[in-house]
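These protein sequences, in sequence, are chains A and B.
Going by this note's numbering, the first sequence opens with residue 133, and the numbers climb by one from there.
Going by this note's numbering, the second sequence opens with residue 133, and the numbers climb by one from there.
Glycine is no exception: its CB is placed at the ideal position from the N, C-alpha and C atoms.
Data first, discussion second: the structure below is written as structure tokens.
Protein chains: 2
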Amino acid sequence: MSQRSDRPGQRDIARLAGVSQAVVSVVLTGKAETKRITPGIQEKVRAAATQLGYVPDVAARSLRGGRNGLLGVHTFERVFPVRADDYYHEFLAGIEEKAVELGQDLVLFSSTQRPDGTRSIYANGSNRLRLADGAIILGLERNDAELERLAAEGYPFVFIGRRDVPGTSAPYVAADYPAAVAGAVRALADLGHRQVAYVGNDVRRAPQEERRTAFAEHGRRSGLAPQPDALTTPDQITTDWLAGQLGNGVTALVAETFELAEAVAEAAKRHGCEVPAELSVVCLDSPPTGSVVAGWSYTAIPRREMGARSIALLLALLDGALPAGHVEVIACDPLTEGSVAPAPHR
Amino acid sequence: MSQRSDRPGQRDIARLAGVSQAVVSVVLTGKAETKRITPGIQEKVRAAATQLGYVPDVAARSLRGGRNGLLGVHTFERVFPVRADDYYHEFLAGIEEKAVELGQDLVLFSSTQRPDGTRSIYANGSNRLRLADGAIILGLERNDAELERLAAEGYPFVFIGRRDVPGTSAPYVAADYPAAVAGAVRALADLGHRQVAYVGNDVRRAPQEERRTAFAEHGRRSGLAPQPDALTTPDQITTDWLAGQLGNGVTALVAETFELAEAVAEAAKRHGCEVPAELSVVCLDSPPTGSVVAGWSYTAIPRREMGARSIALLLALLDGALPAGHVEVIACDPLTEGSVAPAPHR
DNA sequence: CCACCTGAGAGATACGTATCACCGCAGCTA
DNA sequence: TAGCTGCGGTGATACGTATCTCTCAGGTGG
Numbered sequence: 133m134s135q136r137s138d139r140p141g142q143r144d145i146a147r148l149a150g151v152s153q154a155v156v157s158v159v160l161t162g163k164a165e166t167k168r169i170t171p172g173i174q175e176k177v178r179a180a181a182t183q184l185g186y187v188p189d190v191a192a193r194s195l196r197g198g199r200n201g202l203l204g205v206h207t208f209e210r211v212f213p214v215r216a217d218d219y220y221h222e223f224l225a226g227i228e229e230k231a232v233e234l235g236q237d238l239v240l241f242s243s244t245q246r247p248d249g250t251r252s253i254y255a256n257g258s259n260r261l262r263l264a265d266g267a268i269i270l271g272l273e274r275n276d277a278e279l280e281r282l283a284a285e286g287y288p289f290v291f292i293g294r295r296d297v298p299g300t301s302a303p304y305v306a307a308d309y310p311a312a313v314a315g316a317v318r319a320l321a322d323l324g325h326r327q328v329a330y331v332g333n334d335v336r337r338a339p340q341e342e343r344r345t346a347f348a349e350h351g352r353r354s355g356l357a358p359q360p361d362a363l364t365t366p367d368q369i370t371t372d373w374l375a376g377q378l379g380n381g382v383t384a385l386v387a388e389t390f391e392l393a394e395a396v397a398e399a400a401k402r403h404g405c406e407v408p409a410e411l412s413v414v415c416l417d418s419p420p421t422g423s424v425v426a427g428w429s430y431t432a433i434p435r436r437e438m439g440a441r442s443i444a445l446l447l448a449l450l451d452g453a454l455p456a457g458h459v460e461v462i463a464c465d466p467l468t469e470g471s472v473a474p475a476p477h478r
Numbered sequence: 133m134s135q136r137s138d139r140p141g142q143r144d145i146a147r148l149a150g151v152s153q154a155v156v157s158v159v160l161t162g163k164a165e166t167k168r169i170t171p172g173i174q175e176k177v178r179a180a181a182t183q184l185g186y187v188p189d190v191a192a193r194s195l196r197g198g199r200n201g202l203l204g205v206h207t208f209e210r211v212f213p214v215r216a217d218d219y220y221h222e223f224l225a226g227i228e229e230k231a232v233e234l235g236q237d238l239v240l241f242s243s244t245q246r247p248d249g250t251r252s253i254y255a256n257g258s259n260r261l262r263l264a265d266g267a268i269i270l271g272l273e274r275n276d277a278e279l280e281r282l283a284a285e286g287y288p289f290v291f292i293g294r295r296d297v298p299g300t301s302a303p304y305v306a307a308d309y310p311a312a313v314a315g316a317v318r319a320l321a322d323l324g325h326r327q328v329a330y331v332g333n334d335v336r337r338a339p340q341e342e343r344r345t346a347f348a349e350h351g352r353r354s355g356l357a358p359q360p361d362a363l364t365t366p367d368q369i370t371t372d373w374l375a376g377q378l379g380n381g382v383t384a385l386v387a388e389t390f391e392l393a394e395a396v397a398e399a400a401k402r403h404g405c406e407v408p409a410e411l412s413v414v415c416l417d418s419p420p421t422g423s424v425v426a427g428w429s430y431t432a433i434p435r436r437e438m439g440a441r442s443i444a445l446l447l448a449l450l451d452g453a454l455p456a457g458h459v460e461v462i463a464c465d466p467l468t469e470g471s472v473a474p475a476p477h478r
């Protein structure tokens, strides 16, 4: 169809106003003052634009200008998992919030998925991320080779979550896990706990490792007795396992994820062990957005804020206003009350 | 900066492969077969494109009129509300699922928000939607004037949810509410209920109106006594209101939304009225994704599938393979057991 | 009176892509 | 050998905008 006829352009305005297209561009982009256009002409141009119902063509504008106002969001996993307690949801909420504020649109890269369900940036030979001015990269999974290549190509991106990809020095936004762990450990120590074990995910990446080492360090400082870590999966937390921990004199557990904490709670229930009277449990993760679990002691991860900050960082990066290697750490919420009690006497 | 240097174009590929830019365009858009390009050249072009990490420029491509593999998602409200029981979440999950399958990327138009929180397509003078090949439009709010204009401009879009915008005949994907209502009414009638009242949202749009009229019609067919509708908000459902209903002999309520159903449940609890023994309640809405509410009788809205179908429809529309005015209606899940019981004897 | 400056606007150009019109060449026929 | 026919590609053009360069007239100073 004649796409042309039903969409007035600057050329049409120019013809109607009896000026050149260049003048129309200048007037309509608000540069009339600096470029010194006669007020009378300005008025005529504006009137003509209004009369024709002119709408600038974004495509043409960004073609000319470089930026297109699109910020990418990429993960190496699905963005909207089937599970309701969506890991990404809060991040996305923050991302969208900030994008709105800064007048940017978001591109969810869903075309990059490979048959096995993982996602790849360079899968089909072309780097679709380039569609956007820059990108936020988040998620547990990762692909160091692709990230290195991306960085080598000079593509601007920002991580959510602490990253230590060898070749890159991309900015990231992370939660202040060490401080959160320190707070939890101190709280337990103050309540008289001395035998505290750490229950962590068996997948160890920078963010996980960070929490574990912080636990070890602050535990030592607070006078806790050293315990072997339990790096495991939820289904390996059985009543037997729990009995073993209690048998070792453990009076409190620090769980890395909510799934682990819930597995502990279930095992305790089956084992007839009361939480928190006989066993205190601290969770270093926010509860899933859906289920408002009462009765847990946890330090909420500021996912929403992390998402928002990542967008701000990316835009600063694009503006060249970000010093190289800039990172941002956001404090977690203080430990809530619930599943923590004074250490039982023996 | 020289934006140019770090973003290879077809020209660069052409130079590297020793051919003309036109050939590169033909090969890379998959028209090599119809335009009969020598396989050897094709290979050379593809190799050069891969080597340079080429990715087509969205802006240029859509300026020229081609497709760019971007599908827009636009709402007149926020996409990620603060509330956990996210209305959009399930739709988006379905949308993303299908986009992955069809190799399309998604653009969340977040730049269109006005200061008052509502969103407008033409707010800032430019129609950003044009960046995408087409768009899905969803949400309760709407802006008929803008939609008419969008349609008049020939922009391809698809609704989620039944729409009846005057000037437009855009395709839409809707849930089969009439059938769901019919099922609910029949179930209640079979259990001996005769006095059944309808509790609906006070905002009446096509999807709401459809349910109400279906209730009236099927109620009549199933021999229910006519009742005045309660079109209201959750906070207006008090114990007094409930007492009034029961006083009128009402033995069952059909609630349009989950919020209304929960308000009814709370009022019933305070009033000492047992659900479902003394009052049956049916909800015509899915429970929020987070809270797995047991004990409700409801007909789940197939949001996920609706989202997926909307993407399929949009792509068909773009391919010109969609007959004008095509609409799609998806069956709701059958009524679950829980808050429905035989009518109490008087 | 002429050289020179200045302001207001016209004209030209480039961004990256898709496509239309053309063109040389090889193979074939008459 | 001249003319025709496809094939395989080249060159040119247009999309709508922003901006750079150029023109032209009027004013100014020496």
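Where residue i falls, given that 16 or more other Cβ within 10 Å makes a residue buried
i	result
R343/B	buried
L261/B	buried
R215/A	Reliability of the predicted coordinates at R215/A is poor, the pLDDT of 49 falling under 50, and no value is obtained from them.
Q183/B	exposed
G439/A	buried
S243/B	buried
K230/B	buried
V335/B	exposed
G286/B	exposed
V190/A	buried
S157/B	buried
A319/A	buried
E273/B	exposed
Rounded Cβ spacing between residue i and residue j (contact assumed at less than 8 angstroms)
i	j	result
D361/B	T389/B	So it is not a contact: roughly 14 angstroms between Cβ atoms.
G470/B	S429/B	5 angstroms
L279/B	G293/B	Actually they do not touch by this definition, with Cβ atoms about 13 angstroms apart.
L148/B	A192/B	About 19 angstroms; that fails the 8 angstroms criterion.
L392/B	P366/B	6 angstroms
V317/A	L363/A	Their Cβ separation, rounded to whole angstroms, is 18 angstroms, which puts V317/A and L363/A out of contact at 8 angstroms.
Within 9 angstroms, strictly: CB atoms of residue i and residue j
i	j	result
H206/B	R251/B	yes
L263/A	D237/A	no
A321/A	C464/A	no
E398/B	I369/B	yes
V407/B	A329/B	no
P298/B	D276/B	yes
G162/B	D265/B	no
S354/B	T383/B	no
V396/A	V331/A	yes
I253/B	S442/B	no
G324/B	A475/B	yes
R436/B	A267/B	no
A306/B	H350/B	no
L445/A	V232/A	no
R178/A	V159/A	yes
Identified DSSP bridge partners for residue i
i	result
H206/B	I269/B
C415/A	A387/A and Y430/A
V159/B	The partner list for V159/B (beta bridge, DSSP) is empty, contrary to what the question assumes.
E460/B	V305/B
V328/B	A384/B
Q245/A	R251/A
Under 9 angstroms from the C-beta of residue i: neighbouring residues of chain B
i	result
N333/A	Under the 9 angstroms cutoff, chain B gives no residues; its nearest Cβ is about 23 angstroms from N333/A.
F241/A	D237 and L238
R168/A	Chain B residues near R168/A: none, gap ~23 angstroms exceeds 9 angstroms.
Neighbour list for residue i in chain B, Cβ cutoff strictly below 8 angstroms
i	result
L195/A	D189, A191, A192 and L195
Chain-ordered chain A contacts of residue i [CB-CB under 7 angstroms]
i	result
R199/B	Residues of chain A passing the Cβ test: none, with the nearest at roughly 12 angstroms.
Q245/B	V232
Y254/B	V187
Partner residues on chain B for residue i, Cβ-Cβ distance less than 7 angstroms
i	result
R260/A	V187 and D237
Residue i beta carbon near the ligand MN (any heavy atom closer than 8 angstroms)
i	result
I173/A	The ligand MN is not part of this structure, which contains no ligands at all.
Partner residues on chain A for residue i, Cβ-Cβ distance less than 9 angstroms
i	result
L263/B	V190, A191, S194, N200, G201, L202 and D237
Amino acids of chain A, ordered along the chain, whose beta-carbon sits closer than 8 angstroms to that of residue i
i	result
R124/B	The question about residue 124/B has no answer here: the residues shown for chain B are numbered 133 through 478.
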